[in-house]
């Protein structure tokens, strides 16, 4: 599947197409400046399949895989949504920028939260400067929201599948502990009046 996605990105993304899409929003920015920006964005977009392959590879890790798979599924739901923040039907290839920013940020967060996860793919994350440039292109506040989405999605996955946080071997299983005494105490508290 990743190979098909890679082919689609290779055939469907070009600096010229990106520049055309950017010019519709560029106002009086010089043509050469838009072309330079498009070249930077092209490289950023082309590495999305590699980032996804890395996340999918991490989802197979025996210690962390279930949490990573859950979080990855959530991210995939967004990037394959045709009506996301920047729909490709309206924005063309430029509409992939929010998806790419989310995916690269997600893999960065996975690597920080699961530094021991086994990965068999080679993925060179975009440098910080390139990510800053993409963040600057996105509508105000979107980059920060996407970064928070990455972090919170992984935290939810960790809460639902916590075995990866504590397990030193694949043979150890985690059993969630119900908090009966806390629930009884909460039920005993008087209901506040409205």
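In this note's numbering, the protein residues as written are 861 to 1054. Yeah, the Cβ is synthetic: ideal placement off N, Cα and C, and Gly gets one too.
Own chain residues within Cβ distance below 6 Å of residue i, not counting five before or after
| i | result |
| --- | --- |
| residue 871 | none |
| residue 959 | 939 |
| residue 877 | 953 |
| residue 977 | 918, 921, 924 |
Close Cβ partners of residue i (< 8 Å) along its chain, the five nearest in sequence each way excluded
| i | result |
| --- | --- |
| residue 895 | 875, 879 |
For residue j and residue i, the rounded distance between their alpha carbons
| i | j | result |
| --- | --- | --- |
| residue 1047 | residue 1002 | 41 Å |
| residue 952 | residue 996 | 18 Å |
| residue 1006 | residue 908 | 15 Å |
| residue 911 | residue 1039 | 38 Å |
| residue 1041 | residue 934 | 33 Å |
| residue 972 | residue 1016 | 16 Å |
| residue 1045 | residue 1052 | 15 Å |
| residue 884 | residue 968 | 31 Å |
| residue 987 | residue 904 | 9 Å |
| residue 1004 | residue 962 | 10 Å |
| residue 1009 | residue 1000 | 16 Å |
| residue 1020 | residue 985 | 28 Å |
| residue 869 | residue 1018 | 31 Å |
C-beta contact flag for residue i and residue j at 8 Å
| i | j | result |
| --- | --- | --- |
| residue 957 | residue 946 | yes |
| residue 966 | residue 915 | yes |
| residue 928 | residue 993 | no |
| residue 924 | residue 974 | yes |
| residue 1013 | residue 917 | no |
| residue 862 | residue 931 | no |
| residue 873 | residue 902 | yes |
For residue i, the first and last residue of its enclosing alpha helix (DSSP H)
| i | result |
| --- | --- |
| residue 924 | That residue, residue 924, is in no alpha helix (DSSP H); it is neither H nor E in DSSP. |
| residue 1052 | Taken as a continuous stretch (DSSP letters only), residue 1052 belongs to no alpha helix (DSSP H), as it is neither H nor E. |
| residue 876 | 875-883 |
| residue 1016 | 1002-1020 |
Contacting residues, own chain, Cβ-Cβ under 7 Å from residue i (five flanking each side not counted)
| i | result |
| --- | --- |
| residue 820 | Coverage of the chain is limited to positions 861 through 1054, which leaves residue 820 absent and any answer about it impossible. |
| residue 979 | 914, 917, 918 |
*Within the stretch 960-995, note down every full beta strand (DSSP E) run reaching 3 residues or more, in order along the chain.*
Taking only runs of at least 3 residues, no beta strand (DSSP E) segment lies wholly in the stretch 960-995.
*Note down, one range per segment and in chain order, each alpha helix (DSSP H) of at least 4 residues found wholly within the stretch 894-953.*
DSSP runs (the alpha helix (DSSP H)) wholly in the stretch 894-953: 908-918, 925-939, 948-951.
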